[in-house]
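Each residue of the sequence shown is one higher than the one before, counting from 3 in our numbering.
A virtual CB, placed ideally from N, CA and C, is assigned to each residue, including glycine.
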Amino acid sequence: MKNLEQEFLQLLENHKGILHKISRMYMDNPADRNDLIQEMSYQLWKSYQRFEGKSQFSTWMYRVCLNTALTFFKKEDKKIKTNEIREEFDQIEDEDSTQKEDQLKHFYKAVQSLNGVEKAIIFLYLEGKSHKEISENLGISEGNARVKLNRTKDKLQQIIKENGYEF
């Protein structure tokens with residue numbers, strides 16, 4: 003048991019960015035993000051013994067975390083807040099970081115108004131996942147993933163435009 007726990011904790015540490023990115027996509031408030039990270043970590047540990055290694059750990063982790071986020075989001079019946087969103091997704095290190103921070107704030111404000119599945123699709127897309135990988139993570143067909151991604155990108159652009167956030 004100790005060895006399994008250490009193995010899990012090491013894998014979780016190696017892929018902790020997934021937890022933070024998903025929580026960022028679904029929760030606006032830092033306290034809510036922390037709650038979601040705890041819930042995702044718990045669900046990962048609870049199901050880790052059933053992880054068969056048929057896919058990469060990170061692929062399995064995406065699926066568990068996205069399903070947990072969708073469930074958590076619905077269960078908690080959180081209202082989407084569009085007040086201030088702090089930069090946490092990536093460290094921005096250059097002269098025009100203020101402009102990039104503003105762009106990230108506007109982007110996350112727009113993402114907050116998407117539904118749970120749309121957020122998952124955008125997250126996986128931003129992670130560089132293919133249509134096939136998106137479909138596998140969400141349990142939908144590849145064609146459906148492609149259509150949903152295009153519609154979600156269009157919707158996101160429209161939200162950004164309507165709110166005057168265009169860059």
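Rounded straight-line distance, which links the Cα of residue j to that of residue i
{"i": "V119", "j": "L21", "result": "17 Å"}
{"i": "L38", "j": "G55", "result": "25 Å"}
{"i": "G145", "j": "K155", "result": "15 Å"}
{"i": "N165", "j": "S115", "result": "12 Å"}
{"i": "L172", "j": "N117", "result": "The question about residue 172 has no answer here: the residues shown for the chain are numbered 3 through 169."}
{"i": "N31", "j": "H133", "result": "30 Å"}
Beta-carbon proximity list for residue i, same chain, < 7 Å, skipping 5 on both sides
{"i": "F125", "result": "K23, I24, M27"}
{"i": "F10", "result": "W47, Y50"}
{"i": "Q45", "result": "V66, T70"}
Where residue i falls, given that 16 or more other Cβ within 10 Å makes a residue buried
{"i": "E97", "result": "Because the pLDDT at E97 is just 41, under 50, the model does not fix this residue reliably, and the point stays unresolved."}
{"i": "A33", "result": "exposed"}
{"i": "N139", "result": "buried"}
Three-state class that DSSP yields for residue i in the structure shown
{"i": "S49", "result": "helix"}
{"i": "I123", "result": "helix"}
{"i": "G118", "result": "helix"}
{"i": "N152", "result": "helix"}
Same chain only: Cβ atoms within 8 Å of residue i, ignoring 5 sequence neighbours per side
{"i": "S60", "result": "H17, I20"}
Nonlocal neighbours in the same chain, by C-beta distance under 6 Å from residue i, ignoring five residues either side
{"i": "A112", "result": "L158, I161, I162"}
{"i": "M42", "result": "L21, C67, T70"}
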